[in-house]
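Residue numbering for the sequence shown follows my numbering, starting at 5 and increasing by one per position.
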Amino acid sequence: MKIAIAQINPTVGDLQGNRRRIEEAAERAKRAGAELCVLPELCLTGYPPMDLLEREGFVRDQLRELEILEACSKGIDLAVGAVLPVESGGSKHLANAAVLLRDGKRAAVQAKTLLPTYDVFDENRYFVSAEEQKPIGPLGLSVCEDAWAFELGYGRDPVGNLAAAGAKLVLNLSASPWHAGKPAERRRLFGELATRHQLPIVFVNQVGGNDELIFDGGSFVAGRDGRILAQLPLFEEAFEVVDVPGETAGRLPDDVPEPDRVSQLERGLVLGIHDYFRKQGLPPGAVIGLSGGIDSAVTAHLAVEALGAKQVVGIAMPGPFSSGHSVDDALGLGERLGIDVRKVEIGRIYEAYRTIFAELFGQKEDYGLAQQNIQSRIRGAILMAVSNAENRLVLATGNKSELSVGYCTLYGDTVGGLAVLGDVYKRDVYAIARHANKNGERIPNSTIEKPPSAELAPDQLDSDDLPPYDILDAVLEQAIEGGLGAAAVTPPAGATQEEAAAIVRRLDRNEYKRRQSPLVLRVSPKAFGGGRRLPIVHRYPS
């Protein structure tokens with residue numbers, strides 16, 4: 005069977021626009037001689053629709069678009085993801101369904117069986133699980149999580165049930181969020197699943213950014229022997245017609261070429277930034293505070309890749325403790341990236357605050373954290389003023405290492421509409437910077453080589469308040485991605501158990517800051533935001 009794989013980038017709630025994308029894919033598939041065109045999970049609504057599903061008229065309007073779409077199935081079968089009403093007898097009355105359109109009508113419907121409720125998923129909030137799985141002729145329909153039964157330890161195996169009922173080919177319509185390394189993980193899983201049930205599986209995944217989630221596409225066909233017969237590219241819309249089955253020319257999952265981890269991080273973040281602006285209909289302009297440090301430099305590089313140099317403005321805001329090389333690095337970055345960089349001295353504003361501090365707290369030489377943090381808040385206020393005056397979105401520059409332990413200033417360096425690096429550890433910020441320079445120096449080498457510093461006090465370095473970043477990141481990864489408490493964390497080389505425990509305690513203590521931070525683009529299996537829900541106030545020991 006000649007199957008067209010349409011890896012599209014739907015927008016949540018753009019029901020007409022999403023339907024038109026599906027129609028375009030169907031027409032292209034017809035011209036290519038395909039018998040069937042397969043599209044992603046919930047491609048009519050966009051994924052995840054969340055509480056839009058409960059808004060008056062949303063499901064009804066989506067059903068109207070599905071009816072319009074039925075006409076496209078004359079001359080080609082369409083497998084699309086849609087929300088369908090069901091008679092459940094309970095409080096939930098919707099299904100996340102794979103719908104097969106044929107000859108101008110619905111030929112088959114298969115609701116999703118396994119409804120994830122972990123990490124960023126909350127599908128059991130809205131949907132009813134399928135009670136059975138039935139193929140239509142030799143074709144079995146499944147939706148995303150249904151293929152992860154063995155991997156995640158579910159008690160039911162929807163793909164196995166389809167195979168047992170006579171399916172010879174399974175389609176898996178997916179909206180599978182990306183994190184670094186996820187494409188290889190999927191190929192392995194689907195290869196094992198195809199081998200276990202001795203049938204080919206067509207995996208079709210959404211691409212694009214929706215809020216914090218980034219979808220990488222990377223759709224593929226796994227033959228019954230587990231080999232990958234075809235794979236579509238990552239991080240872009242794509243279309244391909246594959247003759248299934250075709251077991252002779254496949255590759256083993258591990259042999260499929262794929263961008264390395266750092267390349268994936270860069271491309272994923274660029275896509276996340278680009279779609280955050282585009283899908284909200286925001287003006288394409290961004291503004292970034294440029295300190296001369298590594299985080300703001302990498303954020304600016306990614307913004308330029310996503311939006312174009314003309315749409316990015318950098319504001320260098322030297323204060324009383326800023327080094328000359330930091331200003332030079334910020335200006336040098338602007339030249340290399342081709343962006344407008346404006347220099348704003350904050351000394352006068354800072355001195356005005358010190359005068360007020362003297363009235364409030366008495367005359368002192370040093371007002372400690374209040375004196376340090378006011379510099380960051382002055383800069384944040386200037387960035388927001390540029391945002392208001394020029395209709396630009398502020399991109400926050402803090403990384404995951406700093407957000408984890410609260411090494412950031414509320415209403416200062418945390419201001420903004422999007423935290424680009426909020427799920428990127430410091431080690432990976434450096435890796436992205438070096439990757440950006442692979443074909444020439446885009447980020448000044450001096451920015452990469454110098455010790456990191458907030459420059460809010462004389463001769464200040466990050467190491468004055470934080471452990472070395474290699475130690476910090478190693479502990480945080482165990483605590484966040486691994487879910488370990490302080491007692492279970494293995495101290496990395498150069499750290500004691502007590503030092504590791506202190507890091508985990510700081511992680512817990514600073515949840516209140518993260519709740520007030522901008523939306524964080526998700527690039528890891530456990531990011532700050534909707535996928536990590538901890539109480540701010542609790543007394544369970546770290």
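C-beta: ideal position from N, C-alpha, C; glycine also.
Is it right to say residue i is buried, meaning 16 or more other beta carbons lie within 10 angstroms of its own, or is it exposed?
i	result
Y473	buried
P545	exposed
I378	buried
Q268	buried
I80	buried
Q492	Here residue 492 turns out to be Ala, not Gln, going by the sequence shown. Exposed is the call here.
G384	buried
K78	exposed
I540	exposed
N128	exposed
T418	buried
T401	buried
R231	buried
S467	exposed
Y122	exposed
L156	exposed
G338	buried
R518	buried
S408	buried
Q66	buried
D220	buried
Is residue i helix, strand or coil when you go by DSSP?
i	result
G170	coil
F361	helix
N176	strand
P89	strand
V398	strand
V508	helix
I447	coil
S326	coil
R68	helix
R537	coil
F131	strand
S300	helix
L197	helix
G144	strand
Q367	coil
P187	helix
C76	helix
V124	coil
G312	coil
K530	coil
N542	Here the sequence assigns His to residue 542, which means Asn is not the residue at that position. Correct three-state label for H542: coil.
S457	coil
P462	coil
D469	coil
L56	helix
K138	coil
L442	Rather than Leu, the amino acid found at residue 442 in this sequence is Lys. In this structure, K442 counts as coil in the three-state DSSP scheme.
D18	coil
G61	coil
Which partner residues of residue i appear in the DSSP bridge assignment?
i	result
C41	A8 and L82
R346	I319
K109	R106
I292	G318
V524	A423
L335	Its beta-bridge partners do not exist; DSSP assigns none.
P181	F219
L98	P89 and F131
A115	A101
For residue i and chain D, any beta-carbon pair shorter than 8 Å?
i	result
L399	Looking for chain D here will not work: only one protein chain is present.
*Go through the region 202 to 272 residue by residue and report every complete run of the beta strand (DSSP E) that reaches 3 residues or more, in order.*
Qualifying beta strand (DSSP E) stretches, in chain order: 205 to 209, 211 to 214, 217 to 220, 224 to 226, 232 to 235 and 242 to 247.
*Sufficient close CB pairs (3 or more, under 8 Å) joining the region 296 to 311 to the region 349 to 365*: Touching, no, given that fewer than three Cβ pairs across the two stretches are closer than 8 Å.
*Mind pulling the beta strand (DSSP E) runs of 3 or more residues that sit fully within the region 372 to 439?*
Within the region 372 to 439, the complete beta strand (DSSP E) runs of at least 3 residues are 397 to 400.
*Count the C-beta pairs between the region 206 to 217 and the region 268 to 284 that are closer than 8 Å, then say yes if the count reaches three, no if not.*
Proximity of the region 206 to 217 to the region 268 to 284 meets the contact definition, three or more beta-carbon pairs being nearer than 8 Å.
_When you compare the region 69 to 76 with the region 226 to 246, are there three or more beta-carbon pairs, one atom per stretch, that lie closer than 8 Å?_
By the Cβ criterion, the region 69 to 76 is not in contact with the region 226 to 246, since fewer than three pairs of Cβ atoms, one from each stretch, lie closer than 8 Å.
*Considering only residues of the region 472 to 516, which uninterrupted alpha helix (DSSP H) runs meet the minimum length of 4 residues and lie entirely inside it, listed in chain order?*
You should have 473 to 484 and 501 to 513.
*For the region 47 to 55 against the region 71 to 91, are there 3 or more C-beta pairs whose distance is under 8 Å?*
When C-beta atoms of the region 47 to 55 are compared with those of the region 71 to 91, three or more pairs fall below 8 Å, so the two segments count as touching.
*Assess, as a yes-or-no matter, whether the region 133 to 146 is touched by the region 154 to 165 under the definition of 3 or more beta carbon pairs within less than 8 Å.*
Between the region 154 to 165 and the region 133 to 146 there are three or more inter-stretch CB-CB distances shorter than 8 Å, so the stretches are counted as touching.
*Do the region 412 to 431 and the region 252 to 260 meet, that is, are 3 or more Cβ pairs less than 8 Å apart?*
Not touching, per the Cβ criterion.
*Assess, as a yes-or-no matter, whether the region 139 to 148 is touched by the region 165 to 182 under the definition of 3 or more beta carbon pairs within less than 8 Å.*
Segments in contact, yes.
_Across the region 427 to 437 and the region 470 to 490, are there enough close Cβ pairs to call them in contact, namely three or more that are closer than 8 Å?_
Taking a cut-off of 8 Å for Cβ pairs, the region 427 to 437 and the region 470 to 490 touch, as three or more such pairs fall below it.
*Cβ contact check for the region 179 to 192 and the region 390 to 407: 3 or more pairs under 8 Å*: Result no; under three Cβ-Cβ pairs closer than 8 Å.
*Any contact of the region 449 to 469 with the region 320 to 337, i.e. 3+ C-beta pairs under 8 Å?*
Yes: the two stretches touch, three or more of their Cβ pairs being nearer than 8 Å.
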